[in-house]
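FYI, this note's numbering numbers position 822 of the sequence shown as 822, with every residue one higher than the one before it.
Glycine residues also receive a C-beta, built at the ideal position from the N, C-alpha and C atoms.
Input: a single structure, listed below in structure tokens.
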Amino acid sequence: PALLFADDLRQDHSAVHLPLVQCNACHTTAWAGFKPAAQTRIIPDLRAIYSAFFSRSPDLMLLLPLLPDEPEPAVNGMTRWLCGGCGYLQGEGEQCQGCGEHKLQRVFYPDNRRQRSVQGASRLVYEHICPVCETRDSLLVFGARVASLGSVALSHLYASAYNDDPKLIAFSDSVQDAAHRAGFFSARTWLSNMRMAITQALAKHPDDTIPLPVFYDYLPRFWQDKSLNPAAFERERFIAEFLAPNMQWLPDFQTLCKTGVLPADSHLLDDIHKRLQWEVLAEFGYRSRIGRTLVRTATAAAGIELAPVQLAALRLLTPLREEFGLRALSNKELTWFLLGFVLRLQHKGAIYHPFLDAYIADGGRTYILNRQSYLPAFAPSTPAPVMLTDATRHTGFDTLHGRWYQDWCKRTLGRQQLLPQNCESDLYRLVLDALTEAGVVKAIRAGKNTVWCLQPETLYLSADNATLATDGQRSTLCVPARMAAELVGLPALEHSDHGDYQVQPQTRHWLSRLYRQGRIQRVMAAEHTGLLDSEDRQLIEQDFIKADKPWSPNLLSATPTLEMGINIGALSSVLLCSVPPTQANYLQRIGRAGRRDGNAFSLTLAAGRAHDLYFYAQPEQMMAGRIDAPGVFLNASAVIERQLVAYCMDRWVASGIDDSAMPRTLRPVLDHVQKGNLKSFPYNFIAFCQREALPILEEFLGLFGNELHERTRQYLRHVLLGGDDSIESLELQLVKRLTELVKERERLSSRIDALKRHIDKLERQPQDEVLLQEINEARQERSGLQAIKRRINGKETLNFFTDEGLIPNYAFPEAGVLLRSVIYWRRTRTDDGRGKYESRVYEYERP
Numbered sequence: 001p002a003l004l005f006a007d008d009l010r011q012d013h014s015a016v017h018l019p020l021v022q023c024n025a026c027h028t029t030a031w032a033g034f035k036p037a038a039q040t041r042i043i044p045d046l047r048a049i050y051s052a053f054f055s056r057s058p059d060l061m062l063l064l065p066l067l068p069d070e071p072e073p074a075v076n077g078m079t080r081w082l083c084g085g086c087g088y089l090q091g092e093g094e095q096c097q098g099c100g101e102h103k104l105q106r107v108f109y110p111d112n113r114r115q116r117s118v119q120g121a122s123r124l125v126y127e128h129i130c131p132v133c134e135t136r137d138s139l140l141v142f143g144a145r146v147a148s149l150g151s152v153a154l155s156h157l158y159a160s161a162y163n164d165d166p167k168l169i170a171f172s173d174s175v176q177d178a179a180h181r182a183g184f185f186s187a188r189t190w191l192s193n194m195r196m197a198i199t200q201a202l203a204k205h206p207d208d209t210i211p212l213p214v215f216y217d218y219l220p221r222f223w224q225d226k227s228l229n230p231a232a233f234e235r236e237r238f239i240a241e242f243l244a245p246n247m248q249w250l251p252d253f254q255t256l257c258k259t260g261v262l263p264a265d266s267h268l269l270d271d272i273h274k275r276l277q278w279e280v281l282a283e284f285g286y287r288s289r290i291g292r293t294l295v296r297t298a299t300a301a302a303g304i305e306l307a308p309v310q311l312a313a314l315r316l317l318t319p320l321r322e323e324f325g326l327r328a329l330s331n332k333e334l335t336w337f338l339l340g341f342v343l344r345l346q347h348k349g350a351i352y353h354p355f356l357d358a359y360i361a362d363g364g365r366t367y368i369l370n371r372q373s374y375l376p377a378f379a380p381s382t383p384a385p386v387m388l389t390d391a392t393r394h395t396g397f398d399t400l401h402g403r404w405y406q407d408w409c410k411r412t413l414g415r416q417q418l419l420p421q422n423c424e425s426d427l428y429r430l431v432l433d434a435l436t437e438a439g440v441v442k443a444i445r446a447g448k449n450t451v452w453c454l455q456p457e458t459l460y461l462s463a464d465n466a467t468l469a470t471d472g473q474r475s476t477l478c479v480p481a482r483m484a485a486e487l488v489g490l491p492a493l494e495h496s497d498h499g500d501y502q503v504q505p506q507t508r509h510w511l512s513r514l515y516r517q518g519r520i521q522r523v524m525a526a527e528h529t530g531l532l533d534s535e536d537r538q539l540i541e542q543d544f545i546k547a548d549k550p551w552s553p554n555l556l557s558a559t560p561t562l563e564m565g566i567n568i569g570a571l572s573s574v575l576l577c578s579v580p581p582t583q584a585n586y587l588q589r590i591g592r593a594g595r596r597d598g599n600a601f602s603l604t605l606a607a608g609r610a611h612d613l614y615f616y617a618q619p620e621q622m623m624a625g626r627i628d629a630p631g632v633f634l635n636a637s638a639v640i641e642r643q644l645v646a647y648c649m650d651r652w653v654a655s656g657i658d659d660s661a662m663p664r665t666l667r668p669v670l671d672h673v674q675k676g677n678l679k680s681f682p683y684n685f686i687a688f689c690q691r692e693a694l695p696i697l698e699e700f701l702g703l704f705g706n707e708l709h710e711r712t713r714q715y716l717r718h719v720l721l722g723g724d725d726s727i728e729s730l731e732l733q734l735v736k737r738l739t740e741l742v743k744e745r746e747r748l749s750s751r752i753d754a755l756k757r758h759i760d761k762l763e764r765q766p767q768d769e770v771l772l773q774e775i776n777e778a779r780q781e782r783s784g785l786q787a788i789k790r791r792i793n794g795k796e797t798l799n800f801f802t803d804e805g806l807i808p809n810y811a812f813p814e815a816g817v818l819l820r821s822v823i824y825w826r827r828t829r830t831d832d833g834r835g836k837y838e839s840r841v842y843e844y845e846r847p
């Protein structure tokens, strides 16, 4: 097998090429394929495969390559032979039964198909479960998008001590991409800052190790107390740096941004402290082995206090020998068993914290965590803490009957002797009782079952680490150096790896230096697009230039409008999220940086399309190519028609109309259309155009000399004068679009009135909790519809003309599909008489 880029493949390639998927927990890599039930061949169509993967289609196939003598993973599935020439799957043989090819690859196909309830209906889906470590929802498509790559680059750029001007513009070609990347860059880079904060607090602590509960309190103090850390932040800077991305909507922070002062009764700092505790818990718990974590980069690790584990081993040794017949069991083997078991709980995130009480009581359903504004948002497939329970089956927690726990008994306690049949459940109960008595584990009653998790006092953190690995480094562990000797010889925690852990030579991961020495400088990204009002855009520009507040934006995610001479001050870095269409565009965009001293850092990311890939292969063509003068195709009807309407409007204004001839906002315009007031706008403008059509048209065409074709001249004549049913005249276009908006406003008014009658009816009924909730929901909907109606009425008239494509808009020439939405969020305080929810109207335009 060879690793290739999909974009480099020729259309006529003969071999089968399949996308890679990788487990983010154990890094196992496999192929993804698409094979409907009736087919005998894998279909190597990328679009079909990706669609099947993300929709969890039962036609998805995960193919794990195996060596000829390599054992199968210990999960349900089957071994097949895959033809690299035609994609035929067969049970055995040295020659393909489909095409006669001899290049066959042995693969394992795990049966991950499960019957699941989806929106109330039962259907067959393909679960994303790793066949090696059996981690659920851990499979990722091997590759990266522009936003992900850009976030990694930004993390390094802003953390660098050599970057004395941490400000940047990121250019995107579309409004939607720019708006999305502003939020994405802010959120994705924040976690890197958290890891630097944790690492540097650990490194400067006077002790080599620090208990986990102590570090919960030490971390926020370290970054606020200059006696502990000379580089500590003032209160406002601390809030700006460590407030989590999903907490920026909190009213207290919004008040701070607007006024510079927190409300007197604010609990925002307390919420940030709680979030820091959660991030530490996650970084050394359930998230410790996913991505570029401190543990995976051997920067810092969580250790287990050995004394209570060894005490539990002493108490267990005699009962296990006498009650379970394990006569040859040694204290060393039992200690290994307990340490591996406790490490498993730690890696799954089974670490107690008061935040988790309701989560545990409710059976591990993450919607409970989403109720806390200071915790991260959990989607259905987002990793979350996994506790251990004695329930027979559980969707959110591990059970004592789970494959890993059964296998761990056999690979440690049963390594030198036979275990009694079906003894694992009773054995684990005895073990958990001993660990609970020793203070290692906490037992919690949750309904009819017991849930176990680690006591946080059992764990400590250290920046002095050692790495252990099995043969071939298929399984690795990063632990504090003082704990490493106890784990030498421990069987691998991944049950598919039959090796033992040995200490590895110490090497420094390239990210570890960044976490230890990087500067904490948060990426404060702001959108700079045509979706914003001009006033908001100007405020963002000024805030970006001045940078006089800790929360001032230091990254603008912009569309190419910034090429048009907007003053955004001096900066030394620019990011192009795609290769610009021409050399002139490229030079204009990178020219935004380096105006202060001539030095600049410009990074261009090539997307997976032909234009970008061409210049990625030959970058000198973009950097040193010929610059063509910009131009416009004058005979393009959509372009020249808008110019004609704008010319008509100019002539109308020059004729001496007063300021009231064209209202500033749409409300009176729509009222005129609704009432048929022919003396007011837009009818007064239409009447002028009809009256002066011939001289206006003659003057306008005269501006272009002989450049316009006769067909274009006739087209413009029909736009202004009518006479051709296939071409909409100016009068028809304008009245038609305004009439549609009038009808939309009428529909909104009708729904608002109907909701008012419904609310009045409900309020006359005997009220209980259910009825009050229904009234509240109806009021929310009504207030949202009223906000949309106000947005329509308040829109500026000229903006309507440009949005509808009636007059030129040089930045965004094509009218899009408009979606108006009302976003609600629960208020954190409801004691000021303003209700439980706030709302905001958003308009989203898609080209």
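| Asked | Found |
| --- | --- |
| Neighbourhood of aspartate 252 by C-beta, 7 Å cutoff - its chain only, sequence neighbours within 5 removed | Leu262, Pro263, Ser266 and Leu268 |
| Residues bridged to arginine 791 (per DSSP) | According to DSSP, arginine 791 bridges with nothing at all. |
| Strand pairing of tryptophan 31, partner residues [DSSP] | Leu20 and Leu63 |
| Closest residue to histidine 495 among Glu134, Ile210, Thr40 and Gln733 (Cα-Cα distance) | Glu134 |
| Helix, strand or coil at methionine 524 [DSSP, three-state] | coil |
| Beta bridge counterpart(s) of glycine 120 as assigned by DSSP | For glycine 120, which the question treats as bridged, DSSP gives no partner whatsoever. |
| Given proline 36 as reference, the closest of Asp59, Gln224, Pro420 and Gln22 once Cα atoms are compared | Asp59 |
| Any 3 or more C-beta pairs closer than 8 Å across the segment 143 to 156 and the segment 482 to 498 | no |
| Cut-off 6 Å between Cβ atoms - residues of its own chain near glutamine 90, not counting five sequence neighbours on either side | Trp81 and Gln97 |
| Secondary structure of isoleucine 210, DSSP reduced to three states | strand |
| Closest residue to phenylalanine 324 among Thr293, Leu413 and Leu730 (Cα-Cα distance) | Leu413 |
| Rounded straight-line distance, which links the Cα of cysteine 453 to that of lysine 442 | 5 Å |
| Inside the segment 408 to 495 only - beta strand (DSSP E) runs reaching at least 3 residues | 441 to 446, 449 to 454, 459 to 462, 465 to 469 and 476 to 480 |
| Inter-stretch contact at 8 Å, needing at least 3 Cβ pairs: the segment 424 to 444 / the segment 467 to 476 | no |
| Close-in-space but distant-in-sequence residues of the same chain around arginine 717 (CB under 7 Å, 5 per side omitted) | Leu697 |
| Alpha-carbon spacing of threonine 802 relative to leucine 3, whole angstroms | 49 Å |
| Of the residues Gln767, Gln455, Asp543 and Ala298, the one placed nearest lysine 167, counting alpha carbons only | Asp543 |
| 6 Å CB neighbourhood of proline 308 in its chain, flanking five on each side removed | Ala438, Gly439 and Val440 |
| Residue from Leu427, Gln200 and Ile239 with nearest C-alpha to proline 230 | Gln200 |
| First through last residue of the beta strand (DSSP E) which encompasses valine 574 | 573 to 576 |
| Distance between tyrosine 216 and proline 376 (C-alpha atoms, nearest Å) | 17 Å |
| Exposed unless 16 or more other CB atoms sit within 10 angstroms - verdict on aspartate 426 | exposed |
| For glycine 598 and leucine 576, the rounded distance between their alpha carbons | 19 Å |
| Which listed residue (Ala300, Ser151 and Pro71) has its alpha carbon closest to that of leucine 208 | According to the sequence shown, residue 208 is aspartate rather than leucine. For the residues Ala300, Ser151 and Pro71, the minimum Cα distance to aspartate 208 belongs to Ala300. |
| Limits of the unbroken beta strand (DSSP E) element including glycine 303 | 301 to 304 |
| Beta-carbon proximity check, valine 16 vs isoleucine 42, cutoff 8 Å | yes |
| Between the CA atoms of alanine 52 and proline 19 - distance to the nearest angstrom | 12 Å |
| Buried versus exposed, by CB contacts within 10 Å (16 or more), glutamine 455 | buried |
| Euclidean distance between Cα positions of arginine 142 and threonine 29 | Here the sequence assigns phenylalanine to residue 142, which means arginine is not the residue at that position. Straight-line Cα distance between these residues: approximately 9 Å. |
| Contact set for glutamate 796: own chain, Cβ-Cβ below 8 Å, skip 5 residues either direction | Arg664, Thr665 and Leu666 |
| Rounded C-alpha distance that separates asparagine 635 from glycine 805 | 17 Å |
| CA-to-CA distance, tyrosine 109 to alanine 481, given in whole angstroms | 39 Å |
| Nonlocal neighbours in the same chain, by C-beta distance under 8 Å from leucine 320, ignoring five residues either side | Leu326, Leu329, Leu334, Leu413, Leu427 and Leu430 |
| Three-pair Cβ contact test at 8 Å for the segment 570 to 588 versus the segment 189 to 196 | no |
| Length at least 4, wholly inside the segment 185 to 238: the alpha helix (DSSP H) runs in chain order | 212 to 222 |
| Integer-rounded CB distance, given that alanine 121 should sit under 8 Å from glutamate 527 | That pair is no contact at about 39 Å. |
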